[in-house]
Amino acid sequence: MSTAQQRRAYDGPALFSYGFRPFFFSGAIWAALSVPLWIWSLMGGPAIAGHRDWHIHEMLFGVLPAIVAGFLTTAVPNWTGRMPVIGGKLAALWALWLAGRLAMLAEAFIGPVAIWIDAAFTIVFALVIWREVLSGKNWRNLPICLLTSLLAGANIAFHLDATFELQGLGWRMAMAAATGMLALIGGRITPSFTTNWLRQRGATLLPTPFNTLDKVAVVGAAVAALVWTAFPTQPAAGVLLLAAGVANLARMSRWQGQKTTAEPLLTILHVSYAWLALGLVLLGASVLTPFVPLAAGVHALSAGAIGVTCLAVMCRATRGHTGRPLTADRATVGIFVAINLAALMRVAAPFAGAFQPGLLVLAALCWSLAYGGFAIAYGPMLTRPRK
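Going left to right, the sequence shown walks through residues 315 to 701 as the working numbering numbers them.
And the structure:
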């Protein structure tokens, strides 16, 4: 049976018929809830989530792996032609992710056990991707396997940071893994979808096919992020990050993004890639000059590149795989506006002086509106059978 035939033969709950369904839905809900929960804790609420590390962890090792898992468990079977992870296996994988979120909330009560429960999902997920890619002999996507492994290792390093004084190595590793995924996958789907859309409209000037500049941009982003991970204060890391940002900006300038404004579902992919290039530039500048705060570069990559790309991919994949038109409705446009406002305000906050607290609150509000809006607008699509 082909991958499509195997999926059609599935007759269980719709929620576990595709990997994107449970992970996109629960990942969006957790993204919308975790930020206000953290702020509430800091303002005098329950102290379970009331420390900075919890917020960083749940963004990089809670929300991000959920969205990545939703995308890859849906896409990898199409790449390899192997049996998709659906039904009971998918439910078990999702339950492992959920157990990690509950464990991190209860860490103050259950102690080190929480670390192993939390780390289990990223480890098992990486092993699943390795198994599928290797069994399908899909060598082209081995870098994806390496990046999921790096994310799993980053989670372990994050938990070991306090004991071994790793100076934030774990979260920087996660940022490097995310940067590599965005450059690799975002740089693959954005020009591809744009080419198809423009061809349907009879356009003759299309995105430039993958060439040497693309290779330099992808490898440059990965190398720069890894050097910064290991040597976050070294000028060489700053120079590499700046160069990678410029290379990726040049790369995306050839994708004809200015011609996609009639379809926000496509334009947002170009915007998200622009956030990646900007994040690399700001992060590099923060290493080289005190006038650019580290927080600006980090959040251009996290709230901007990661946050916007995740929602862009979630909306497009959900609509496509549930039989909806690949066009943005009003709710989707509102989601895209909210997430970009959240990113802009979060990046601007370190420069804002006395206005910083207000911008941080507004950024958190827009973030929760964006992901909560996705859960509300797309939840019925994710939990019900395909049209």
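All C-beta atoms, glycine included, are put in the ideal place defined by N, C-alpha and C.
Between the C-alpha atoms of residue 690 and residue 447, what's the straight-line distance to the nearest angstrom? 34 angstroms
For the alpha helix (DSSP H) holding residue 510, just list the boundary residues, first then last. 501–514
Which ranges would you report for the alpha helix (DSSP H) in the stretch 552–625 if only whole runs of at least 4 residues count? 578–602 and 608–613
How is the alpha helix (DSSP H) around residue 682 delimited, first residue to last? 670–697
Residue of 324, 431 and 354 minimising C-alpha distance to residue 375: 431
Would you mind working out which of 581, 602, 516 and 626 sits nearest residue 555, comparing C-alpha positions? 602
Segment limits, alpha helix (DSSP H) that includes residue 532: 526–544
Please determine, among 699, 684 and 508, the residue with the shortest C-alpha to C-alpha distance to residue 342. 684
Of the residues 344, 464 and 503, the one placed nearest residue 411, counting alpha carbons only: 344
Could you check where the alpha helix (DSSP H) with residue 411 kicks off and where it finishes? 401–419
By a C-beta neighbour count over all protein chains shown, 10 Å radius and 16 as the cutoff for buried, is residue 408 buried or exposed? buried
At 4 residues or longer, what runs of the alpha helix (DSSP H) sit wholly inside the stretch 427–491? 427–449 and 456–478
Extent of the continuous alpha helix (DSSP H) run through residue 660: 644–662
Tell me whether residue 391 is buried or exposed, calling it buried when 16 or more other Cβ atoms sit within 10 Å of its Cβ. buried
Tell me the rounded alpha-carbon separation between residue 542 and residue 493. 12 angstroms
Residue 497 (DSSP reduced to helix, strand or coil): helix
Distance check for residue 585 and residue 694, CA to CA, integer angstroms please. 27 angstroms
CB of residue 381 within 8 angstroms of CB of residue 624, strictly: yes
Exposed or buried, what is residue 456 when buried is set at 16 or more other beta-carbons lying within 10 Å of its beta-carbon? exposed
How long is the line joining the alpha carbons of residue 485 and residue 650, rounded to whole angstroms? 26 angstroms
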